[in-house]
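Numbering that gives the first Met the number 0 numbers the first residue of the sequence shown as 0 and each following residue consecutively. First the structure, in the form of structure tokens, and then the observations on it.
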Amino acid sequence: MSQEPAQQKSHTAPPHRHRVLLIGLLTLTLLVPLMIYRSWSSPPPGNLGIHDGQLSPCPSSPNCVCSQAVDPDHAIAAIPLSTNRQRQWKALQQILDQQPRATLVTVSDDYLHAEFRSLVFRFVDDVEFLIDANAQVIHVRSASRTGYSDLGVNRARVEHLRQALEQAMTASSD
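Written out as structure tokens, the structure reads:
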């Protein structure tokens with residue numbers, strides 16, 4: 000019986016795998032800076048502000064919530080207006096000032112607009128508040144400027160701000 004020499008297994012990946020990996024790395028190298036540039040240079044959308052006494056409706060994409068929306072995917076509860084409206088409005092501004100990567104853009108007696116930037120890619124989300132004295136609420140809208148899904152970030156942000164405002168109002172009434 001003749002013994003044939005044992006074949007050694009190669010530990011290198013086939014050439015087509017190297018090509019796929021290289022193409023993937025090149026794509027990421029090009030896409031990531033493009034995404035960052037796009038997020039930094041995205042101008043505020045033209046639909047910000049008050050339109051016919053309301054905040055703008057959410058787009059069909061799931062990256063927006065608004066207390067004036069009627070569909071459940073975008074609807075979120077408005078914030079009850081305090082009997083001390085001025086104190087509540089000031090408290091909301093202070094809370095927004097303390098949020099990481101948040102900038103107050105517009106503040107008036109009944110409207111507030113803030114921008115929030117994501118940590119890594121610096122994507123911008125616009126958050127708006129509108130006092131509706133007749134309904135005794137503060138309407139809120141939070142929307143991503145870019146992308147399709149926000150993985151619930153805007154909804155979570157509004158709930159966090161709501162809770163912080165409730166705590167601030169409770170603490171200041173003591």
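Glycine included, each C-beta is placed from N, C-alpha and C at the ideal position.
{"Item": "What number of angstroms, rounded off, separates the C-alpha of serine 38 from the C-alpha of alanine 113?", "Value": "With a pLDDT of 48 at serine 38, under the threshold of 50, the modelled position of this residue cannot be trusted, and the question is left open."}
{"Item": "Would a C-beta distance cut-off of 7 Å place aspartate 149 and asparagine 46 closer than the cut-off?", "Value": "no"}
{"Item": "In the DSSP assignment, find the unbroken beta strand (DSSP E) run with threonine 105 in it and report its ends.", "Value": "101-106"}
{"Item": "Measure the beta-carbon distance from leucine 128 to threonine 145 and round it to whole angstroms, keeping in mind my assumption that it falls under 8 Å.", "Value": "Looking at the sequence shown, residue 128 is not leucine but phenylalanine. The pair is not a contact, with the Cβ atoms about 22 Å apart (cut-off 8 Å)."}
{"Item": "How many angstroms separate the CA atom of alanine 167 from the CA atom of histidine 17?", "Value": "57 Å"}
{"Item": "Less than 7 Å between C-beta atoms, sequence neighbours within five positions excluded: which residues of the same chain meet that for aspartate 72?", "Value": "Pro61"}
{"Item": "For alanine 77, does the count of other Cβ atoms within 10 angstroms reach 16, so buried, or fall short, so exposed?", "Value": "buried"}
{"Item": "Kindly provide the ranges of any alpha helix (DSSP H) runs that are 4 or more residues long and lie completely inside the region 64-103, ordered along the chain.", "Value": "84-97"}
{"Item": "Is the CB-CB distance between leucine 54 and histidine 138 below 7 Å?", "Value": "yes"}
{"Item": "By Cβ distance below 6 Å, which residues in the same chain neighbour alanine 68 in space, the five residues on each side in sequence not counted?", "Value": "Cys57 and Ala74"}
{"Item": "When we look at the beta-carbon of alanine 90 and count the other beta-carbons within 10 Å, is it buried (16 or more) or exposed?", "Value": "buried"}
{"Item": "When you compare only the Cα positions, how much space is there between proline 174 and arginine 140?", "Value": "Any property of residue 174 remains undetermined from this structure, which presents the chain solely from 0 to 173."}
{"Item": "Does the beta-carbon distance from aspartate 125 to alanine 101 come in below 7 Å?", "Value": "no"}
{"Item": "Just the C-alpha distance for glutamine 22 and proline 14, rounded to the nearest angstrom, thanks.", "Value": "Note on identity: in this sequence residue 22 is isoleucine, with glutamine being the wrong assignment. Those two C-alpha atoms are separated by around 12 Å."}
{"Item": "Can you give the beta carbon distance from phenylalanine 115 to glutamine 98, rounded, assuming they're within the 8 Å contact cut?", "Value": "7 Å"}
{"Item": "Determine the burial state of valine 64: buried for a count of at least 16 other Cβ atoms within 10 Å of its Cβ, exposed for fewer.", "Value": "buried"}
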